[in-house]
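Participant: Residue numbers (the working numbering): 7 to 624.
In structure tokens, the structure reads:
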């Protein structure tokens with residue numbers, strides 16, 4: 007945990023990490039958090055803030071929001087702005103999940119030999135289900151909280167809970183595996199080193215260990231699957247809807263409503279949607295964003311007016327997106343996914359600013375709302391993965407300095423940066439369209455249960471905002487207006503009244519800032535402040551994880567969690583009970599403390615608070 011001696015208090019709720027913390031820092035770090043949250047912060051977050059501060063062209067500060075925790079490259083809750091003329095763009099500052107196997111794990115080479123993962127080097131070839139594949143990069147980091155998987159034939163694998171493993175039912179995250187499940191194993195190699203025979207081996211035991219060790223992942227040419235100990239292993243935002251319904255209208259029908267939502271909206275790891283698009287149709291989604299959905303009847307004509315960027319970033323170019331990303335994305339549009347993604351039926355519990363709340367469509371306590379938290383699914387993940395490889399080669403080719411290979415970058419005006427930016431816009435447009443389709447099915451579900459049209463029920467979008475994105479914005483730097491590439495990773499834009507980019511409906515107030523909590527505690531609607539100019543008009547995006555998924559599974563049981571939530575009037579439906587345990591409230595910071603820290607720092611203020619009634623998880 008962080009020592010106060012390492013930072014300087016600037017004012018209540020704001021701390022500075024000096025440039026002397028690490029050689030090469032171009033700017034100080036800024037931590038927007040209360041003393042309580044500061045003392046709970048992982049040391050790794052300070053190191054990541056410092057590494058970001060070393061990137062070329064960074065302006066003013068490397069920033070961590072109150073919900074910050076360790077991420078890939080940037081901390082989650084990290085914010086940084088770079089000069090368009092002299093700065094860079096970095097996929098690690100927008101969002102990427104890395105899944106790893108532990109030090110000492112044996113990986114099958116294309117030659118048929120086995121080698122420890124930490125001894126592998128780029129250029130070597132490993133065996134994969136589709137034939138030999140060259141290693142492009144070996145990612146290394148420290149991790150705490152691991153899964154130990156043991157099979158009937160004596161295979162043993164140690165890996166992070168998020169790492170996908172190929173099972174007889176498809177890819178499943180290691181943290182969601184159970185004894186009795188079958189995992190795919192390599193049985194025989196041909197003379198040409200192709201896999202010619204599989205077998206499935208039963209899992210007989212799974213343990214969760216709470217120790218810190220080095221873990222590794224392989225970036226491979228053309229595939230993500232490889233054989234570890236013989237076992238096959240492998241952009242986001244939030245939307246809020248308001249309704250005219252009250253708690254007393256929904257409470258008697260809550261179970262029916264939740265069941266209908268669960269049936270209508272596909273969820274879970276690798277979930278596939280009701281739509282299966284051709285590549286050409288997916289490219290249209292990437293270019294048109296939510297308009298693709300609305301033109302086909304999946305929404306209302308005025309929906310884009312309440313979505314960041316109108317639900318479509320201009321300049322998206324699907325020719326910059328790989329065939330692999332398109333293949334992953336075309337079956338996942340209109341799906342919730344798993345992990346911390348959710349759909350929540352909630353109720354307004356408290357209103358702090360009635361005037362602003364009324365503009366947002368939040369009128370009184372007892373009003374029912376719907377939260378949707380999901381992103382660009384495998385499509386966006388693959389885009390990030392692809393360009394991490396591109397930019398690794400770019401850095402090596404030019405010999406540019408780099409503090410952390412998770413922070414690969416390209417100068418913004420170079421071709422590689424422009425290609426990535428155009429592909430990232432495709433992922434953003436996919437994510438907005440994904441939430442638009444889910445909104446349509448939410449409206450259909452309410453219509454079915456309450457026997458009124460969505461229009462009669464007042465199911466309007468309050469706002470939709472991305473929280474893993476890079477955008478060109480104009481901000482003041484040392485008294486002069488500058489065009490900046492603002493990276494927000496696990497952080498929310500908080501533009502105030504009259505700023506360009508604020509929807510017409512919210513010009514007098516600033517747009518809503520949406521801060522969802524966990525499935526057992528509150529969520530908040532905030533609004534930005536003038537003070538937030540110092541952090542590029544940014545606010546926290548959620549609660550912030552404090553417990554690993556493995557540790558949550560070691561400590562808690564799904565049945566106990568569900569019973570506890572139900573005793574408080576909260577119903578949960580989930581595709582996987584493993585997800586319920588991983589997403590237990592105690593695995594997160596209390597979002598109320600995060601919001602209070604943002605208010606203490608003066609970068610946002612509370613408008614309203616909601617609490618959950620029913621939650622759908624993957």
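We put the CB at the ideal spot given by N, CA and C, even for glycine.
Note that the structure is a prediction, hence the values are computed from the model and not measured.
When the Cα of residue 528 is compared with those of 302, 379, 243 and 591, which residue comes out closest?
Facilitator: When each option's Cα is compared against that of residue 528, the closest is 591.
Participant: When we look at the beta-carbon of residue 213 and count the other beta-carbons within 10 Å, is it buried (16 or more) or exposed?
Facilitator: Classification for residue 213: exposed.
Participant: Tell me residue 558's beta-bridge partners as DSSP assigns them.
Facilitator: DSSP lists no partner for residue 558.
Participant: So residue 87 is in the alpha helix (DSSP H); what residue range does that whole segment cover?
Facilitator: Not the alpha helix (DSSP H): residue 87 falls in the beta strand (DSSP E), residues 82–89.
Participant: When you compare only the Cα positions, how much space is there between residue 480 and residue 51?
Facilitator: Whole-angstrom Cα-Cα distance: 27 Å.
Participant: Got a sec? Which residues, its chain only, sit under 7 Å from residue 268 by beta carbon, not counting five neighbours each side?
Facilitator: Around residue 268: 579 and 622.
Participant: Does DSSP put residue 60 in a helix, a strand or coil?
Facilitator: Correct three-state label for residue 60: coil.
Participant: Among the residues of its own chain, which have a CB less than 8 Å from the CB of residue 312, if the five just before and after it don't count?
Facilitator: Within the same chain, residue 312 has close Cβ partners 466, 467, 468, 469, 470, 509 and 511.
Participant: Can you tell me the Cα-Cα spacing of residue 447 and residue 306, whole angstroms?
Facilitator: Approximately 13 Å, taken between the alpha carbons.
Participant: Count the CB pairs spanning the stretch 377–388 and the stretch 553–572 that are closer than 8 Å, and state whether there are at least three.
Facilitator: Output reads no: the stretch 553–572 does not touch the stretch 377–388.
Participant: Who are the near neighbours of residue 415 in its chain, counting only those whose CB is closer than 7 Å to its CB and skipping five residues on each side?
Facilitator: Here the set comprises 61, 94, 95, 96 and 397.
Participant: Which parts of the stretch 346–386 are runs of the alpha helix (DSSP H), unbroken and 4 residues or longer, counting only runs that do not cross its ends?
Facilitator: Complete alpha helix (DSSP H) runs here, min 4: 360–365.
Participant: Quick check: the Cα distance between residue 417 and residue 411, rounded to an integer number of angstroms?
Facilitator: Answer to the nearest angstrom: the Cα atoms are 16 Å apart.
Participant: Relative to the C-alpha of residue 71, which residue among 606, 441 and 342 is closest?
Facilitator: Residue 71 has its Cα closest to that of 606, out of 606, 441 and 342.
Participant: Name the two residues that bound the continuous beta strand (DSSP E) containing residue 534.
Facilitator: Residue 534 -> beta strand (DSSP E) spans 529–534.
Participant: Could you check where the alpha helix (DSSP H) with residue 447 kicks off and where it finishes?
Facilitator: Per DSSP, residue 447 belongs to the alpha helix (DSSP H) from 421–456.
Participant: With which residues is residue 93 paired in a DSSP beta bridge?
Facilitator: Paired residues: none, contrary to the question.
Participant: Counting only the same chain and skipping the five closest in sequence on each side, list residues whose C-beta sits under 7 Å from that of residue 513.
Facilitator: The answer, listed in chain order, is 503 and 504.
Participant: Tell me, to the nearest whole angstrom, how far the beta carbon of residue 242 is from that of residue 101; I am working on the premise that it is less than 8 Å.
Facilitator: Confirmed, Cβ separation roughly 6 Å.
Participant: Do residue 289 and residue 428 have their C-beta atoms closer together than 8 Å?
Facilitator: No, the Cβ-Cβ distance between residue 289 and residue 428 is not below 8 Å.
Participant: So, with DSSP's three-state summary, where would you put residue 595?
Facilitator: Residue 595: coil per DSSP, three-state reduction.
Participant: Around the C-beta of residue 182, are 16 or more other C-beta atoms found within 10 angstroms, so that it is buried, or is it exposed?
Facilitator: Answer is buried; the Cβ neighbour count reaches 16.
Participant: Could you give the distance in angstroms between the alpha-carbon of residue 594 and the alpha-carbon of residue 119?
Facilitator: Straight-line Cα distance between these residues: approximately 42 Å.
Participant: Is the stretch 599–617 touching the stretch 327–338 in the sense that three or more CB pairs, one from each, lie closer than 8 Å?
Facilitator: Short answer: they don't touch.
Participant: What would DSSP say about residue 26, mapped onto helix, strand or coil?
Facilitator: Correct three-state label for residue 26: helix.
Participant: May I have the straight-line CA-CA distance separating residue 537 from residue 190, to the nearest angstrom?
Facilitator: If I take the Cα positions, the gap works out to 54 Å.
Participant: Alpha carbon to alpha carbon, how far is residue 57 from residue 218? Give it in angstroms, no decimals.
Facilitator: Straight-line Cα distance between these residues: approximately 21 Å.
Participant: Within 10 Å of its beta-carbon, does residue 326 have 16 or more other beta-carbons around it, so buried, or fewer, so exposed?
Facilitator: Buried, because 16 or more other Cβ atoms sit within 10 Å of the Cβ of residue 326.
Participant: From the DSSP output, read off the bridge partner residues of residue 75.
Facilitator: Bridge partners of residue 75: 82.
Participant: What first and last residue would you give for the beta strand (DSSP E) that runs through residue 567?
Facilitator: Where residue 567 is concerned, there is no enclosing beta strand (DSSP E), although the alpha helix (DSSP H) it sits in stretches over 564–573.
Participant: Could you compute how far the alpha carbon of residue 16 sits from the alpha carbon of residue 603?
Facilitator: Computed Cα separation, rounded: 14 Å.
Participant: Pull up the CB-CB distance for residue 571 and residue 376, whole angstroms please, since I reckon it's below 8 Å.
Facilitator: Going by Cβ atoms, the distance from residue 571 to residue 376 rounds to 18 Å, so no, they are not a contact pair.
Participant: When we look at the beta-carbon of residue 187 and count the other beta-carbons within 10 Å, is it buried (16 or more) or exposed?
Facilitator: Classification of residue 187: buried, given that the 10 Å Cβ count is 16 or more.
Participant: Terminal residues of the continuous beta strand (DSSP E) containing residue 475?
Facilitator: Per DSSP, residue 475 belongs to the beta strand (DSSP E) from 474–483.
Participant: Please report the distance separating the alpha-carbon of residue 272 from that of residue 452.
Facilitator: Rounded to the nearest angstrom, the two C-alpha atoms are 16 Å apart.
Participant: Using only CA atoms, which one of 32, 31, 9 and 30 lies nearest to residue 21?
Facilitator: Per the Cα distances, 9.
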